[in-house]
Ligand SMILES: Nc1ncnc2c1ncn2[C@@H]1O[C@H](COP(=O)(O)OP(=O)(O)OP(=O)(O)O)[C@@H](O)[C@H]1O
Ligand SMILES: Nc1ncnc2c1ncn2[C@@H]1O[C@H](COP(=O)(O)OP(=O)(O)O)[C@@H](O)[C@H]1O
Ligand code: SF4
Ligand code: SF4
Ligand SMILES: [Mg+2]
Ligand SMILES: [Mg+2]
């Protein structure tokens, strides 16, 4: 049984100018021990997808429909009390900006210990010992002393490692990491990614890694989901996605990113490939394919009918009417 | 032999920030944000400044556009001292050296239409004689940055992030400057839009001979668009040179680690990563000697004691390290 099964997830926000269709059609499954990456440009619905899974879009303005199954339980129909038992316990979370998700007035030790006391029913002394152990695990030097420090006393990289320690303290089955290294420098990012991979090997946690950095994806993901304007447009193993991308948007995305070392062969610095145009507004309901206004292969069919998200090869799904043209080529 | 005068020349430029003066007005701590930076930039050239957060890239940028004064050293624009200019001369300088920031959302005035935004520098620097002249110049600027001419009466919030950055670039181009400093100007943009703006900057440079200081932490983009690169670490330039030298034959252990840490978007076989230990030390108390010694795998007693000077190791390549390394990063025991 997969750990997580998301099908036809749709999350809209009520807005002054009508609904914001942040997530329009997202489907994927995740097996235990697996790392799946969700990629897409800003506003494509990556964070709203993860917040929908965590049921953290309260406040009445957001509405999710479709199905989210976590270990067989239907997340969208659980009560808030049951959700609270899952959050931070069976599902861990790491966000982009650790300063906003760590409590500035509590020591980091207190914050880690509190989740352990709440979810794992450890005593204070046990929780503190475990917190020190977790900080050691994420390479915080002098963990016995650092445990009594406040978040602002740590560097950005250390704060992100504390977030990881906190998220993994209860040994969650699923870890959702939303841009966990985006705010970090590359040398620190390399440390943090290495650490996450290492911890996953030990614990078998399944990871949803949300990022806009295809370099990070290539390094750590087993499978990749590409989102565009709130929709999953392609899903494949990482290798397949990079070597045989099928959706025109994915192909554009891979062509447009600068690769280190790739421009050293030419004499002059080279032009980057562009994807012309812009993403559509999420205020409009789009009858056909969301990528139609920018797609070089667009036909009338695309403008009128939304393509369904289907497997065209084992382990490779695409939402595009004209994918067969490329499969034949 | 006549040497072309550089558009911009930095000589031992230094910027220290003095924190919280005590009762006697003496600073209690000094941030060594930029120390002893010497660089030069030619017409039509792009010099990129790279390095990790806090290494002094924006400090350098803000200093050379005179948003703040250096605490030491000097810099020259077209061969003339620019760090001491005041009054009318400083105003004339501001027209020659412009800056574009990362966040087009906060750098544009939300209450000014595109027309007002672009007319301001033209009027302010006395570059347009009449209303018709202003309109003609604005039309040219909009063409240059690929915005429709009917954009003039719209306001920043009516544009996408990429379009806003085009407006900011048009505003910087308005006084027809010699240099534009781009401080993370494309960092907040999505990849597909980023490519559009990067190509746009390249096209404008080819057309006008504009010189660019491109501040960025995105090494792949830098490799694509730059002519030369300066790598900074804790306020020092540790390596400097032509694009190919830095990306193809980096000599400094920090540059090598930095480049190897960039995750490359391919599933082909990759070179093993050089993992640096620890965090960047505080610029309040930079390490003695070579500032990189606390994280360098090759550090010796000499590194801890003596500051390595930038030394030439090729035609357009200089490095600040006491030692030489072979192409695959093995230390050659040969001290300078
Ligand atoms: N006004 C200021 N007062 C005190 N310290 C400052 C000030 N401005 C910058 N600094 C410090 O100077 C150092 C260099 O900062 P700078 O903004 O130049 O870094 P940067 O290389 O641009 O980093 P980033 O990549 O994060 O933009 C940092 O330690 C910073 O905290
Ligand atoms: N609380 C909210 N209320 C209204 N709109 C929102 C809210 N959160 C996100 N959105 C909108 O939903 C869309 C998708 O956002 P998000 O999932 O955060 O994108 P990303 O892929 O960058 O993580 C965006 O247009 C965003 O503005
Ligand atoms: S469905 Fe049509 S418009 Fe959409 S991606 Fe495929 S070819 Fe392009
Ligand atoms: S001078 Fe010494 S510490 Fe500095 S980079 Fe060279 S070898 Fe490393
Ligand atoms: Mg997000
Ligand atoms: Mg900066």
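Residue numbers (the numbering used here), protein chains in the order written: chain A, 1 to 329; chain B, 330 to 665.
Glycine is no exception: its CB is placed at the ideal position from the N, C-alpha and C atoms.
Check your understanding: Starting from residue 29 of chain A and walking both ways along the alpha helix (DSSP H), at which residues does that stretch end?
Key -> Residue 29 of chain A: not part of any alpha helix (DSSP H); member of the beta strand (DSSP E) spanning 20–30, first to last residue.
Exercise for review: Would you verify that the beta carbon of residue 275 of chain A is, or is not, closer than 7 Å to some beta carbon of chain B?
Suggested key: Interface residue, yes.
Check your understanding: Checking contacts by CB at 7 Å: is residue 592 of chain B closer than that to chain A?
Key -> At a cut-off of 7 Å between beta carbons, residue 592 of chain B contacts chain A.
Check your understanding: Alpha carbon to alpha carbon, what distance is there between residue 489 of chain B and residue 630 of chain B?
Key -> Their Cα atoms are separated by approximately 53 Å.
Point to revise | Buried/exposed call for residue 174 of chain A, threshold 16 Cβ in 10 Å | key: It counts as buried.
Exercise for review: Starting from the N-terminal side, write out each stretch of the beta strand (DSSP E) that is 3 residues or longer and does not extend beyond the segment 393–442 of chain B.
Suggested key: Those beta strand (DSSP E) runs which fall completely within the segment 393–442 of chain B and span 3+ residues are 401–406 and 426–429.
Review point. Is the shortest distance between the beta-carbon of residue 344 of chain B and the beta-carbons of chain A less than 7 Å?
Key: Output row for residue 344 of chain B: interface = no.
Check your understanding: Under the rule that 16 or more other beta-carbon atoms within 10 Å means buried, what is residue 1 of chain A, buried or exposed?
Key -> Exposed, because fewer than 16 other Cβ atoms sit within 10 Å of the Cβ of residue 1 of chain A.
Practice item. Mind listing the chain B neighbours of residue 186 of chain A? Cutoff is C-beta to C-beta under 7 Å, in chain order. Key: Chain B residues near residue 186 of chain A: 587, 590 and 591.
Check your understanding: How many Å lie between residue 330 of chain B and residue 405 of chain B at the Cα?
Key -> The predicted model places residue 330 of chain B with a pLDDT of 45, which falls under 50 and marks its position as unreliable, so this point remains unresolved.
Review point. Just to check, is the beta-carbon of residue 322 of chain A closer than 6 Å to a non-hydrogen atom of ligand 3?
Key: Here the distance from the Cβ of residue 322 of chain A to the nearest heavy atom of ligand 3 is below 6 Å.
Check your understanding: Near residue 144 of chain A, what residues of its chain come up, given a Cβ to Cβ distance below 7 Å and the 5 sequence neighbours on each side ignored?
Key -> Once the five neighbours on either side are set aside, the close Cβ partners of residue 144 of chain A are 132.
Practice item. Using a Cβ cut-off of 9 Å, pull out every chain B residue sitting near residue 158 of chain A, in sequence order please. Key: Within 9 Å Cβ-Cβ: 608.
Exercise for review: On a CA-only basis, which of B/654, B/460 and B/417 is nearest residue 627 of chain B? Give me that one, please.
Suggested key: Of B/654, B/460 and B/417, the residue nearest in Cα terms is B/654.
Point to revise | 3-residue-minimum beta strand (DSSP E) runs that sit fully inside the segment 162–234 of chain A, ordered along the chain | key: Segments of the beta strand (DSSP E) lying fully in the segment 162–234 of chain A: 174–178, 206–211 and 223–228.
Check your understanding: Excluding five sequence neighbours on each side, which residues of the same chain lie with their C-beta closer than 8 Å to the C-beta of residue 400 of chain B?
Key -> Exclusion of the five residues before and after residue 400 of chain B leaves 343, 344 and 345 as the residues of its chain whose Cβ lies within less than 8 Å of its Cβ.
Review point. Comparing alpha-carbon positions, which option in B/528, B/507, B/398 and B/506 lies nearest residue 495 of chain B?
Key: Of B/528, B/507, B/398 and B/506, the residue nearest in Cα terms is B/528.
Check your understanding: Hey, would you say the C-beta of residue 47 of chain A is under 6 Å away from at least one heavy atom of ligand 5?
Key -> Yes, ligand 5 has a heavy atom inside 6 Å of this Cβ.
Check your understanding: If you drop the 5 nearest sequence neighbours on each side, which residues of the same chain put their C-beta closer than 7 Å to that of residue 380 of chain B?
Key -> If the five residues before and after residue 380 of chain B are omitted, its C-beta is found closer than 7 Å to the C-beta atoms of 386, 560, 561 and 562, all from its own chain and listed in chain order.
Point to revise | Under the three-state DSSP convention, the category residue 35 of chain A falls into | key: Strand.
Review point. Helix or strand or just coil, what does DSSP make of residue 330 of chain B?
Key: Its pLDDT being 45, under 50, residue 330 of chain B is placed unreliably by the model, and the measurement read from it follows with that caveat. It is coil, neither helix nor strand.
Practice item. Report yes if the CB atom of residue 48 of chain A is closer than 7 Å to the CB atom of residue 23 of chain A, and no otherwise. Key: Annotated as proximal: residue 48 of chain A and residue 23 of chain A, with beta-carbon spacing under 7 Å.
Review point. With a CB to CB cut of under 8 Å and the five nearest residues on each side skipped, what residues in its chain are close to residue 17 of chain A?
Key: Here the set comprises 283.
Practice item. Considering only heavy atoms of ligand 6, list every residue whose Cβ is less than 7 Å from one of them, following chain order. Key: Cβ-based neighbours of ligand 6 within the cut-off: B/386, B/387, B/512, B/513 and B/544.
Exercise for review: Go through its chain and collect everything with a Cβ distance to residue 181 of chain A's Cβ below 6 Å, but skip five positions before and after it.
Suggested key: 189 and 192, listed in sequence order.
Check your understanding: Terminal residues of the continuous beta strand (DSSP E) containing residue 568 of chain B?
Key -> Counted as a single uninterrupted DSSP element, the beta strand (DSSP E) harbouring residue 568 of chain B occupies residues 565–571.
Point to revise | Rounded distance between the beta-carbons of residue 471 of chain B and residue 499 of chain B, thought under 8 Å | key: That pair is a contact at about 6 Å.
Check your understanding: From residue 149 of chain A to residue 645 of chain B, what does the alpha carbon distance come to, in whole angstroms?
Key -> Each residue's CA atom was taken as its position, placing residue 149 of chain A and residue 645 of chain B some 47 Å apart.
Point to revise | Closer than 7 Å to chain B by CB, residue 353 of chain A | key: Shown here, chain A extends from 1 to 329; a query on residue 353 of chain A therefore has no answer.
Check your understanding: Any Cβ of chain A within less than 7 Å of the Cβ of residue 666 of chain B?
Key -> It is not possible to answer for residue 666 of chain B, since the shown part of chain B is limited to 330 through 665.
Review point. So which residues on chain B does residue 42 of chain A lean against when the C-beta distance must stay under 7 Å?
Key: Within chain B, 519 have C-beta atoms less than 7 Å from the C-beta of residue 42 of chain A, given in sequence order.
Point to revise | For residue 632 of chain B, the three-state DSSP class (helix, strand or coil) | key: Reduced to three states, the DSSP call for residue 632 of chain B is helix.
Exercise for review: Given a cut-off of 7 Å, decide if residue 64 of chain A and residue 77 of chain A are closer than it, judged by their beta-carbon atoms.
Suggested key: Taking 7 Å as the cut-off, the beta carbon of residue 77 of chain A is found no closer than this to the beta carbon of residue 64 of chain A.
Check your understanding: Counting along the chain, where does the alpha helix (DSSP H) carrying residue 528 of chain B start and finish?
Key -> For residue 528 of chain B, the enclosing alpha helix (DSSP H) has its first and last residue at 520–537.
Practice item. Report the rounded CA-to-CA distance for residue 80 of chain A versus residue 86 of chain A, giving the unit in angstroms. Key: Approximately 10 Å, taken between the alpha carbons.
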